[in-house]
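Worksheet: one structure, shown below.
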Amino acid sequence: MGLRFLTQIINKYILHNELSIHFFVNGFSFCANSHIDFTPINSGIEELKVSLKKKLEFFPKDNLEIFSVVFFQRPSTFVPQKFFDSKKSKIYLSLYNKTPKEDIVAYDILESQQQVNVYSFEKVIKTILDETKIQFNFIHYNTILHKKILSICSFIEFKYQLFIHIQYKAVDVFLAETGQIVFNNRFSIKNEDEFLYYIFFVVEQFDLKIDDFEIIFLGKFFEYNRYYDLTSEFHKNYKFIENDSEIIDQSKHSAPYLANYSG
């Protein structure tokens, strides 16, 4: 049985009195309202334990009242709420991705979308956070993306919209049809060629005609310019959705579009 987390109806930006810790495969970020402090992790669990404990001990928390965690390390899978059984959480994940035995399985309930997002994260993270006696709210980044995309998708001009979210060594692809998400997946990528391969894969799988869909990038960041340029070479209908971040340098974040989100 997984841990249950009930999400908010709308996405929430990090507030002035809030700390949001974002966990990635290559480290973690302490995200405040206007800045990011990234700690790289190169050698596994033991380094994570030492670095996280040290950061929690010395990070100034006197003026903070809200604490949250966003997990990016593992992919997730969505299950329609009417079919969801919490006792089968591990089974849902096993159909999509191999879950390490030591992981905690959890899920976010998206009541307004009638969806459940199932995912896992390293048990050591929760153990260390529990030791602080601070109440942290937990959420998976895919839950945030799902809600964000539903709030901005439209079918006035195109029947299909292909939303693309680029992060560290991965790309998240959401396909919306007439305002509803019909497909989403996270693909691991090492370079621009792999990125383009997966975009073509989705386009071909759904037999999308060139004039029937537009591509929407979530955010526009210098380090991903080559991905944008490649996309423009094969598809003319594309645009960018910016966020309203107060963070000046989002490049320090491994998923810059979500740098200022906490739920």
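The letter at position 263 of the sequence shown is residue 250 when you use this note's numbering, and the numbering goes up by one with no holes.
For glycine and all other residues, C-beta sits at the position ideal for the given N, C-alpha and C.
In the three-state reduction of the DSSP assignment, Glu109 falls in the strand class. By the criterion of at least three beta-carbon pairs nearer than 8 angstroms, the segment 200 to 211 is in contact with the segment 143 to 154.
The alpha-carbon separation between Ile115 and Lys223 amounts to approximately 48 angstroms.
Under DSSP, Val56 forms a beta bridge with Ile8, Phe125. Setting aside the 5 residues that flank it on each side, Asp90 is surrounded in the same chain by Arg61, Ser107, Phe108, Glu109, Lys110, each with a C-beta closer than 8 angstroms to its C-beta; the list follows chain order.
By the neighbour-count definition (other C-beta atoms within 10 Å, threshold 16), Ile176 is a buried residue. Judged by beta-carbon spacing, Asn124 lies beyond the 7 angstroms limit of Asn104, meaning their Cβ atoms are not closer than that value. One alpha carbon belongs to Ala19, the other to Ser249, and they sit about 10 angstroms apart. Taking all protein chains in view, the Cβ of Thr165 is surrounded by fewer than 16 other Cβ atoms within 10 Å, so the residue is classified as exposed.
By the neighbour-count definition (other C-beta atoms within 10 Å, threshold 16), Arg173 is a buried residue. For Ile78, the enclosing alpha helix (DSSP H) covers residues 76 to 81.
Contact annotation: the segment 0 to 11 touches the segment 42 to 62, with at least three C-beta pairs closer than 8 angstroms. Between the alpha carbons of Phe70 and His127 lies a distance of about 20 angstroms. A direct Cα-to-Cα measurement between Val66 and Tyr94 gives close to 10 angstroms. A distance of 7 angstroms or more separates the beta carbons of Phe187 and Tyr214. The C-beta of Gln154 has 16 or more other C-beta atoms within 10 Å across all chains shown, which makes the residue buried. Within the DSSP bridge table, the entry for Gly14 names Phe11, Pro27 as partners. Distance from the CA of Phe15 to the CA of Lys134, rounded to the nearest whole angstrom, comes to 23 angstroms. When C-alpha distances from Pro243 are compared across Tyr211, Gln167, Ser219, Ser73, the shortest belongs to Tyr211.
Taken through DSSP and simplified to helix, strand or coil, His152 comes out as strand. Proximity to Phe46 across Phe59, Phe17, Lys74, Leu35 peaks at Phe17, based on C-alpha coordinates. With a cutoff of 7 angstroms on beta-carbon distance, Lys156 and Phe25 are scored as not near each other. DSSP places Ser175 inside the beta strand (DSSP E), whose first and last residues are 167 to 175. It is roughly 35 angstroms from the alpha-carbon of Gln237 to the alpha-carbon of Lys196.
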